[in-house]
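Residue numbers (our numbering), protein chains in the order written: chain A, 2 to 467; chain B, 5 to 147; chain C, -5 to 313.
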Amino acid sequence: MMDAGRHPNITLLTNSEVTNVSGYVGNYKVAIKKKPRYVKEDLCVGCLQCIDACTYKEAKFPDEFQMGLGKRKPVYLPFAQATPQVVLLDPDRCIQLKTGKCKKTCSDACDRKAIDFEQKEETIQVDVGTIIVSTGFETFDAARLPYYGYGKYPNVYTGLEVERLTSASGPTAGEVILRDGTHPKSVAIIHCVGSRDEKTNRWCSRVCCMYSLKLAHMVKDHTGAQVYNFYIDMRTPGKSYEEFYDKLLAEGVQFIRGRVAEVTDWAIRPEEEGKLVIRAEDTLVGVVRRIPVDMVILSTGLEPQHDSAQVASMFGISRSADGFFAEAHPKLRPVETNTEGVFLSGCAQGPRDVPDTVAHAGAAASMAIALLNRGEVTISPTVANVDEKLCSACKTCLSVCPYQAIVFNADKNVASVNDALCKGCGTCVAACPAAAITGRHFSDEQIIAQIEGLLREPKTAEGARP
Amino acid sequence: MNFEPRIIAFLCNWCTYTAADAAGVARMEQPANVDVIRVMCTGRIEPMFVLKAFAEGADGVIVSGCHPPGDCHYTNGNFKTFRRMPLLGTVLSQFGIDKGRFHWGWISGAEAPKWAELARNFTDQVRGLGPLNWKDQIASKED
Amino acid sequence: MAEKLKLALYWAASCGGCEIAIVELREKILVVDQVADILFWPVAVDTKYKDVEAMPDGHIDVCLFNGAIRTSENEHLAHLLRKKSKVLVAFGSCANEGCMPGLANLYDRQSIFNYVYLESPSVDNPNKIVPQTTNKMPEGEIQIPKFYNTVKTLAQVEDVDYFIPGCPPQPPQIWSVIEAIVQGNLPPKGSVVGANEKTVCDECKHDRKEKAIKQFYRIQEIIPSSTQCLFDQGLICAGPATRGGCGALCTKVDIPCRGCYGPPPHVIDQGAALMSACASVVDADTEEEAARIVGGIADPIGTFYRFGLPASLLHRRKL
């Protein structure tokens, strides 16, 4: 990330979002809203003295990067390796930004005078030739499955939360501990939470089996606990992935094939008292089991971002039935969209792990570069064309185009089709009441000729033409 | 000679045409009565095409494309279709053409069996309605 | 001085409005009288059919034929005047597309007769007297012309040289055609003359915007804004699908265009074109809502095919 931040040809705009896209391949105009971080980026060097000096002596607010398991102050660095290495102020938590009545010790502590409470939101426009949409995913909200007890039982965690627990730079410096500070002696890892599920998301999220195995290994390594993985199928298709699974089998992790029906604290046997009980059918053996554990980890799946509909609309791309952005062809064109010049990279297009994302991103980057280097695009000839001698500016066509490819030329008082945006659907051709728009290669004359040709000759009873 | 209906089907390239193609490749049973005209999107289909087909001698007409709201390859070409087709259906009835001769709907590229079934059922339905022979309508039945 | 143009005018199934349109040339009718001899014009000149039959073939230079072909008499005159004229012009909407008489193609002869002579609420005919087509006279048996089941346009029964659209054609346009004829300045055979290539929208001064129609209105249901496009407001204005040249007289007084100048060039079915435009811009993103909004159009066939039913692709309702 640091390399990307330093590269002279790369302008990194963080804490920003795209608000509008107009234009077409080779000629996009993108409006970007830069949200204020209340710190001047070119002055801050990431010394973090402002954080120490903050009027909050103790970190008090949930740290998003630590999945809420750790705390931060209103002035903070998002995470240790953040690029750029610049702090930001949380406008919902910082006393100065909320009330204007703070001693501003952070600002005093900064010898570069980098803190700027007056910083405002700024909108810039950039002219670009291609766009790569790499907006990632969200994790499934485990609270949607009340029978797994997330949010109800304190020792039910999501996979990402346990990632932070096992991490040396996490809130517990790598100690896997329960909410009361003790180490778990038994841990259940439930696969496919919010995946392969007719009631929530039908797709397989692709990464969870591997990360569940990783967590099983890390938890066992850090705590020595008995680990149970409850799975439907074990999906480990990548390079060395099957070997990793074998390793876990050899480590004594117990694998139970069965979708977990319930996580409950209702004990019916003495050994279940004070524990969380996993109820699942062990389908390979054919019995329903109750397994008491100290800690439950929910391997939550991947979902499209909650605003994917608006983002798709803004970039003029479509979404697949599952809500991830739609690739131009499921086998042959994985990084292109049906909108020329807009590419997809990573989980925005569908769940995938890091090696696959790197490959996907490389493909998107090279297609974008190749397009820019060519300097010209080949477009489909089956586009619509307005005959200016016939167009009478009724404006019926303007609202029917799915791509806003028809604009009204006020000087000439006629409608006009942008060849680069037109995808050749023919909707405007059918709508025009004056037959002023021709659909090249699917013209009225051509289709009428087909109708007349087909019906000109009679068919025999057997269907053969005489 | 037994009457065999002539049916013209306007199909969108990405969905129903693909389904019809797949049905053919899979050798699903379909009558030879249905002739297909491919367009890129059902949004291209104007009422004029359907009227022309009947005027030229078709006994039945099918219009089929991608399922709304999300399947259209061009995002929402099929929205224009479901705005136009009901109105056309009413006008065809006012022309005295039985509603059973005009079918419009949605079949996705993965639904080849559904296409074959539509081709069979619609052909039977139109056969039951008899020949339309529209050209004879104005070939002066003056007595 | 050049020889005077030999002019004929005839009315088939018509209302007489095209004749009035000629008279509406006002003082220019005197110029017509100067440059032309009117050999046959039943409304104004006392020439008989047998006088026309006696003319040599091609004797008439230009025949302006208005009215639709409703009876065998209309058809007979169409063939006769074709034979006797160098140039045959379909004059006015009836001859061009069928116009109002053409709406009878939603019925057939028998149902029309039943209604007119027997079933209409204002008819008092207890003995069910209906017209006879033949009658014996001392001089012999006479027949009245046959009333066809189907109204036809002039071009559907005869070879037509030029088409002047309009219900009626507007006098300034009629004058421009007469000038062209006198100057020998006509376009290729088969052309539409006395009208524009663009639609009525091109002449209409209302302000047009992108359309999103939530409801269609009949003209008595709303008082439209005088500045905004009538179609934008939900009135079914045929302007976008109608050839211009009339000066957008109707929309000028906030009445939606009804389509009397016929289809624009390249539109082969005016009703279908207007239907497609109206439905395309309905503001509905579900099938139910779309069906509801287009279902609000009262009498689609009468609205979209008001002037052009005989000229349309299907010509008439199924017999």
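Virtual Cβ for every residue (Gly too), placed ideally from N, Cα, C. Note that the coordinates shown come from a computational prediction; the quantities given were computed from them, not determined experimentally.
His330 (chain A) bridges to which residues according to DSSP?
A:Arg334
Does any CB atom of chain B fall closer than 8 angstroms to the CB of Glu281 (chain C)?
yes
Could you name each continuous alpha helix (DSSP H) segment of 4 residues or more that falls completely within the segment 225 to 255 of chain C, going from the start of the chain to the end?
243 to 246
List the residues of chain B that Phe443 (chain A) touches, going by C-beta distances under 8 angstroms, in chain order.
Val43, Met44, Arg48
From the DSSP output, in three-state form, read off Phe316 (chain A) for me.
helix
With distance defined between alpha-carbon atoms, name the residue in A:Val415, A:Val378, A:Ala371 nearest to Asn386 (chain A).
A:Val415
Which chain A residues are close to Ala57 (chain B), counting only those with a beta carbon under 9 angstroms from its beta carbon?
Ile452, Leu455, Leu456
Strictly below 7 angstroms CB to CB, what residues from chain B border Val276 (chain C)?
Arg87
Is there a Cβ from chain C that is less than 8 angstroms from the Cβ of Gly100 (chain B)?
yes
Cβ-based neighbour list, His63 (chain A), same chain, cut-off 6 angstroms, excluding 5 preceding and 5 following
A small fix is needed here, since residue 63 (chain A) is Pro in this sequence, not His. For Pro63 (chain A), where only same-chain residues beyond five positions count, the Cβ hits under 6 angstroms are Gly69.
Below 7 angstroms CB to CB, which residues in the same chain sit around Glu337 (chain A) once its five sequence neighbours on both sides are set aside?
Glu328, Ala329, Phe344, Met368
Taking Asp40 (chain C) and Leu1 (chain C) to be in contact with their CB atoms under 8 angstroms, please state how far apart those CB atoms are, rounded to whole angstroms.
Contact flag wrong, Cβ pair sits at about 16 angstroms.
May I have the straight-line CA-CA distance separating Arg31 (chain B) from Asp25 (chain B), to the nearest angstrom?
10 angstroms
Length of the line joining the Cα atoms of Ala313 (chain A) and Ala110 (chain A):
44 angstroms
Using a beta-carbon distance below 8 angstroms, is Cys426 (chain A) in contact with chain B?
yes
Would you say Val355 (chain A) faces chain C, with C-beta separation under 8 angstroms as the test?
no
Once you ignore the five residues that flank Glu15 (chain C) on each side, which residues in its own chain have a CB closer than 7 angstroms to its CB?
Before going on, a small fix: residue 15 (chain C) reads as Ala here, not Glu. Pro162, Pro163, Pro165, Ile168.
Could you tell me the distance, in whole angstroms, from the CA atom of Ala7 (chain C) to the CA atom of Ile63 (chain C)?
6 angstroms
Status (buried if at least 16 other CB within 10 Å, exposed otherwise) for Glu197 (chain C)
buried
Counting C-beta neighbours from all protein chains within 10 Å, is the total for Phe138 (chain A) 16 or more, i.e. buried, or is it exposed?
buried
Say whether chain B places a C-beta atom closer than 8 angstroms to the C-beta of Ile63 (chain C).
no
With DSSP as the reference, identify every bridge partner of Cys57 (chain C), one or two as the case may be.
C:Ala2, C:Leu82
Can you tell which of C:Ile158, C:Leu75, C:Val29, C:Ile23 has its C-alpha closest to the C-alpha of Val176 (chain C)?
C:Val29
To the nearest angstrom, how far is the alpha carbon of Ala169 (chain A) from that of Gly175 (chain A)?
4 angstroms
Please state whether DSSP places Arg466 (chain A) in a helix, a strand or coil.
Low per-residue confidence applies at Arg466 (chain A): pLDDT is 49, beneath 50, and the placement is therefore not dependable enough to give any value.
DSSP three-state call for Cys16 (chain B): helix, strand or coil?
strand
Mind listing the chain C neighbours of Val401 (chain A)? Cutoff is C-beta to C-beta under 8 angstroms, in chain order.
Ser274, Val275
Any chain B beta carbon closer than 8 angstroms to Pro467 (chain A)
Note on Pro467 (chain A): pLDDT 45, under 50, position unreliable in the model; the coordinate value appears next. With 8 angstroms as the cut-off, Pro467 (chain A) does not count as an interface residue toward chain B.
Determine the chain A residues that contact Phe53 (chain B) at a beta-carbon separation under 9 angstroms, and present them in chain order.
Ala431, Asp445, Ile448, Ile449, Ile452
Counting only Cβ pairs nearer than 8 angstroms, list the residues of chain B close to Gly440 (chain A).
Arg48
Exposed unless 16 or more other CB atoms sit within 10 angstroms - verdict on Gly101 (chain A):
exposed
Please list the residues of the segment 185 to 202 of chain C that have a C-beta atom closer than 8 angstroms to any C-beta atom in chain A, keeping them in chain order.
Glu191, Lys192, Thr193, Val194, Cys195, Asp196, Arg202
Contact between the segment 42 to 60 of chain A and the segment 92 to 107 of chain A is defined here as three or more beta-carbon pairs at a separation below 8 angstroms; is this criterion met?
yes
In the structure shown, what three-state DSSP assignment does Ala72 (chain C) receive?
helix
Check whether the segment 241 to 252 of chain C and the segment 59 to 77 of chain C touch, using three or more Cβ-Cβ pairs below 8 angstroms as the test.
no
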